[in-house]
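Q: Using mature numbering (1 follows the signal peptide of the UniProt record, and there is no 0), the letters of the sequence shown correspond one by one to residues -19 to -1, 1 to 420.
Would you mind keeping the following structure in view while I ask a few things?
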Amino acid sequence: MRKSLAAALISVLALSACGSGDDSSSDGASAASCAPSSGPVSLTYTTWIPGIENVVKAWNDKNPNIQVKVQTGPNGNGGTYQNFFNQLKAGNTPDLGHIEYDALPSFRVQDGLFDVASCDIVAKAKDQFIPWTWNQVSFGEEKTAWGIPQDSGPMALFYRADLFEKNGIAIPKTWEEYAAAAVKVKAAGGYITNFSQSDINQFAGFAWQAGGRWFANDGQQWTVNLTDDNTKKVADYWQDLISKKLVSTVPPWTTEWDNAYNSSSAWTWVSAVWGANSIMSGAPKTAGKWRVAPMPQWSAGENVAGNWGGSATAIFKNSKHPYEAAQFALWLNTSEEALALLNKEAQLYPATTAGTKYSYLANPVEFYGDQKIYELFAEAATQVTPDFTWGPTMTSTYTSASDGFKAAVSGQGTLNDALTKAQTSTIDTLKSQAIPVKE
């Protein structure tokens, strides 16, 4: 994100404050400074990370004066974000919250986050993180940050090594080769992959890799461009595979989706590093048969990865103990102890440079034929371009695009039609919230 994005968000906050009648500083100095509290502190932290209780216990056992109580819930768009927004209005948010990178601008626009970079311990830790992940929480500003990067989602190609070998099909290195392989896989009775008809984040990762840039800001207003040439190229590519019935289109994150992989119907999945756990849990019958290769490229010889997902640990502005919250968030996302536990419990992939080199990530993974898959993802993490900007109303954008994608896979319109409608809907949503946007 560029520096102007942060300035634009500040402008939106100023517009929102006018006439709101709401004193957003009612909690006192805690929202404006980052100083240690006196005496023991109790913090609350809301997340949906599997096994997080075991990670937090490791902190609590060693920090009797800063105790953290975990509150778990559904994933962000599954209900937790709406709970956060409701709590912001009521003034009773937890101290810390799990927020994905694409949702951070929405909370910033609502003036709900504490600037963690105002804590000297955080400002000094900036260089520990992979640069593009820090950019996701700083919005391109040098001296602000609205969360601590927790994990990233560099993308690669998960594939059934046994099926490709049995049928004499080469592992595709380019998207052109991937489409050609899809024809051969279909002839062998399978589908090369399942196209996500409702989780638009995967498509965003495809567009990110291809050079699509959906949002921009010049410091005065937003520009929405869900139909730039690179994104259109990606949409046309997948539309062709859908039209030729070379991919399945079952709803993601369902039993049907799991069965497609567990029954060997779907042979690949272009997904993020956390997808390793999704396959392991959803397709246990295929243990030992999967491998991971770099994401297919648009031009032979390139080395560019997309990103799907990634989260931050944010501190809400209502927290009365931002310094201690920052201490915990830094430990959670930079210490080798915490990062090893997060990987063990939830296969989270660290956002720190050092984290990608820890020994536990060099271990072979039995489910993937003892391949050292995280070494490949460490390389992919360095190949994600840093300048992909998320808009301030992504939930609305995703909903509109998802409705259109569902229609497209059933033969009613195309993916590009869906993106055009999502662009119009996004602009209308921005205007309805008094967020300056270019027509």
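Don't be surprised by glycine CBs; every beta carbon is placed ideally from N, CA and C.
Compute the Euclidean distance between the alpha carbons of Lys412 and Val418, then round it to the nearest angstrom.
A: Mapped onto the sequence shown, residue 412 falls at position 431. Mapped onto the sequence shown, residue 418 falls at position 437. Roughly 7 Å between the two C-alpha positions.
Q: CA-CA distance, Ile408 and Gly291?
A: Working through the sequence shown from its first residue, we reach residue 408 at position 427. Working through the sequence shown from its first residue, we reach residue 291 at position 310. Cα to Cα, Ile408 sits roughly 25 Å from Gly291.
Q: Counting pairs of beta carbons, one from the stretch 99 to 112 and one from the stretch 125 to 135, are three or more of them closer than 8 Å?
A: Contact holds: three or more Cβ-Cβ distances are below 8 Å.
Q: Cα separation between Asn182 and Trp289?
A: Here residue 182 is taken as the residue at index 201 of the sequence shown, counted from 1. Here residue 289 is taken as the residue at index 308 of the sequence shown, counted from 1. If I take the Cα positions, the gap works out to 6 Å.
Q: Could you pull the start and end residues of the alpha helix (DSSP H) that Thr315 belongs to?
A: Taking the first residue of the sequence shown as 1, we reach residue 315 at position 334. First-last of the alpha helix (DSSP H) with Thr315: 303 to 315.
Q: Tell me whether Val251 sits in a helix, a strand or coil according to DSSP, three-state version.
A: Position 270 of the sequence shown, counted from the start, is the residue given in the question as residue 251. It is a strand residue.
Q: Quick test of your reading: Thr125 and Ala161, contact by CB under 8 Å. State the CB separation rounded to the nearest angstrom.
A: Here the question's residue 125 lines up with position 144 in the sequence shown. Here the question's residue 161 lines up with position 180 in the sequence shown. Thr125 to Ala161, Cβ: 47 Å. No contact.
Q: Buried or exposed: where does Ala151 fall if 16 or more other Cβ atoms within 10 Å of its Cβ makes it buried?
A: Here residue 151 refers to the residue found at position 170 when the sequence shown is read from its first residue. Flag for Ala151 reads exposed.
Q: With H, G and I counted as helix, E and B as strand and the rest as coil, what does DSSP make of Glu81?
A: The sequence position of residue 81 within the sequence shown is 100, counting from 1. Residue state, collapsed to three classes: strand.
Q: Alpha carbon to alpha carbon, how far is Asn148 from Trp115? Give it in angstroms, no decimals.
A: Here residue 115 refers to the residue found at position 134 of the sequence shown. Here residue 148 refers to the residue found at position 167 of the sequence shown. Going from the Cα of Trp115 to the Cα of Asn148 covers about 43 Å.
Q: If contact is defined by three or more beta carbon pairs under 8 Å, each pair taking one atom from either stretch, is the stretch 53 to 68 in contact with the stretch 249 to 261?
A: Verdict: no, contact absent.
Q: Check the DSSP bridge columns for Ile47 and list the partner residues they point to.
A: For the purposes of this step, residue 47 is identified with residue 66 of the sequence shown, where counting begins at 1. Ile47 pairs with Val22.
Q: What whole-angstrom Cβ distance do Val254 and Gly134 have, given they're in contact under 8 Å?
A: Locating residue 254 in the sequence shown gives position 273, counting from the first residue. Locating residue 134 in the sequence shown gives position 153, counting from the first residue. About 6 Å; that satisfies the 8 Å criterion.
Q: Using a threshold of 7 Å, state whether the C-beta atoms of Trp250 and Phe139 are closer than that.
A: Translated into the one-based positions of the sequence shown, residue 250 becomes position 269. Translated into the one-based positions of the sequence shown, residue 139 becomes position 158. The answer is yes: Cβ separation under 7 Å.
Q: Is the beta carbon of Asn243 less than 7 Å from the beta carbon of Thr74?
A: Looking up residue 243 in the sequence shown gives position 262. Looking up residue 74 in the sequence shown gives position 93. No. Outside cutoff.
Q: If I'm right that Tyr172 touches Trp248 with Cβ under 8 Å, what's the distance once you round it to whole angstroms?
A: For this step, residue 172 is matched to residue 191 along the sequence shown. For this step, residue 248 is matched to residue 267 along the sequence shown. Right, their Cβ atoms sit about 7 Å apart.
Q: To the nearest angstrom, how far is the alpha carbon of Asn284 from that of Thr334?
A: Taking the sequence shown and counting its residues from 1, the one referred to as residue 284 is at position 303. Taking the sequence shown and counting its residues from 1, the one referred to as residue 334 is at position 353. Answer to the nearest angstrom: the Cα atoms are 19 Å apart.
Q: When you compare only the Cα positions, how much space is there between Ala106 and Ala307?
A: By 1-based counting over the sequence shown, the position of residue 106 is 125. By 1-based counting over the sequence shown, the position of residue 307 is 326. Taking the straight line from one Cα to the other gives about 11 Å.
Q: Only counting the same chain, and skipping five residues up and downstream in sequence, which positions put a Cβ closer than 7 Å to that of Asp4?
A: For the purposes of this step, residue 4 is identified with residue 23 of the sequence shown, where counting begins at 1. Its pLDDT being 35, under 50, Asp4 is placed unreliably by the model, and nothing is read from it.
Q: Along the alpha helix (DSSP H) that carries Phe386, what are the first and last residues, could you check?
A: Along the sequence shown, one-based indexing puts residue 386 at 405. From DSSP, the alpha helix (DSSP H) with Phe386 extends over 375 to 390.
Q: What are the residues that DSSP puts in a beta bridge with Met136?
A: The count along the sequence shown starts at 1 and reaches residue 136 at position 155. According to DSSP, which records beta bridges pairwise, Met136 is partnered with Ala253.
Q: Do Ala332 and Ala286 have their beta-carbon atoms positioned less than 7 Å apart in this structure?
A: Stepping through the sequence shown from its first residue, residue 286 is reached at position 305. Stepping through the sequence shown from its first residue, residue 332 is reached at position 351. No, Cβ-Cβ distance for Ala286 and Ala332 is not below 7 Å.
Q: Check this for me: beta carbons of Gly263 and Gly350, under 7 Å apart or not?
A: Here residue 263 corresponds to residue number 282 of the sequence shown, with the count starting at 1. Here residue 350 corresponds to residue number 369 of the sequence shown, with the count starting at 1. For Gly263 and Gly350, no; Cβs fall outside 7 Å.
Q: Reducing DSSP to helix, strand and coil, say where Thr28 ends up.
A: Here the question's residue 28 lines up with position 47 in the sequence shown. Three-state result, Thr28: strand.
Q: Residues in the same chain with beta-carbon distance under 6 Å from Glu317, minus the five sequence neighbours each way, listed in chain order, please.
A: Reading the sequence shown from its first residue, position 336 is the one you call residue 317. Excluding positions up to five away in sequence, the list reads Tyr339.
Q: Excluding five sequence neighbours on each side, which residues of the same chain lie with their C-beta closer than 7 Å to the C-beta of Asp8?
A: Here residue 8 refers to the residue found at position 27 of the sequence shown. Bear in mind that a pLDDT of 36 at Asp8, under 50, signals an unreliable position, so the model cannot answer this.
Q: Whose C-beta lies closer than 8 Å to the C-beta of Glu420 among residues of the same chain, with five residues either side of it excluded?
A: Within the sequence shown, the letter at position 439 stands for residue 420. These residues qualify, in order along the chain: Ile408.
Q: If contacts are defined as beta-carbon pairs under 8 Å, then Asp217 and Arg194 qualify, I think. What distance do you get, rounded to the angstrom?
A: The count along the sequence shown starts at 1 and reaches residue 217 at position 236. The count along the sequence shown starts at 1 and reaches residue 194 at position 213. That belief does not hold up - the Cβ atoms of Asp217 and Arg194 are roughly 17 Å apart, past 8 Å.
Q: Mind reading off the beta-carbon distance from Pro277 to Thr366? Whole number of angstroms is fine, and I expect it under 8 Å.
A: Your numbering for residue 277 matches position 296 in the sequence shown. Your numbering for residue 366 matches position 385 in the sequence shown. 16 Å between Cβ atoms; not a contact.
Q: Have a look at Tyr379 and Phe120 and give me their C-alpha separation to the nearest angstrom.
A: Position 398 of the sequence shown, counted from the first residue, corresponds to residue 379. Position 139 of the sequence shown, counted from the first residue, corresponds to residue 120. Distance between the alpha carbons of Tyr379 and Phe120: 20 Å.
Q: Note down, in chain order, each residue of its chain lying with its Cβ closer than 6 Å to the Cβ of Leu207, except the 5 sequence neighbours on either side.
A: In the sequence shown, counting from the first residue as 1, residue 207 sits at position 226. Cβ within range, chain order: Trp195, Leu400, Ala403, Gln404.
Q: Considering only residues of the same chain and omitting the five flanking positions on each side of Gln328, which have a CB-CB separation below 7 Å?
A: By one-based count along the sequence shown, residue 328 stands at place 347. If we look at Gln328 and ignore the five residues flanking it on each side, its Cβ neighbours are Trp255, Ala257, Asn258.
Q: What are the uninterrupted segments assigned as beta strand (DSSP E) that are 3 or more residues long and contained completely in the stretch 184 to 254, given in chain order?
A: Within the stretch 184 to 254, the complete beta strand (DSSP E) runs of at least 3 residues are 196 to 198, 203 to 205, 249 to 253.
Q: Count the other CB atoms, across all protein chains shown, that sit within 10 Å of the CB of Ile416; report buried if there are 16 or more and exposed otherwise.
A: As a first step, residue 416 is located in the sequence shown; it is residue number 435 there, counting from the start. When all chains shown are included, Ile416 counts as buried.
Q: Distance check for Leu311 and Asn35, CA to CA, integer angstroms please.
A: Locating residue 35 in the sequence shown gives position 54, counting from the first residue. Locating residue 311 in the sequence shown gives position 330, counting from the first residue. Looking at the two C-alpha atoms, the distance is approximately 17 Å.
Q: Given a threshold of 16 other Cβ atoms within 10 Å of its Cβ, counted over all protein chains shown, does Ile354 qualify as buried or as exposed?
A: Here residue 354 is taken as the residue at index 373 of the sequence shown, counted from 1. Result: buried.
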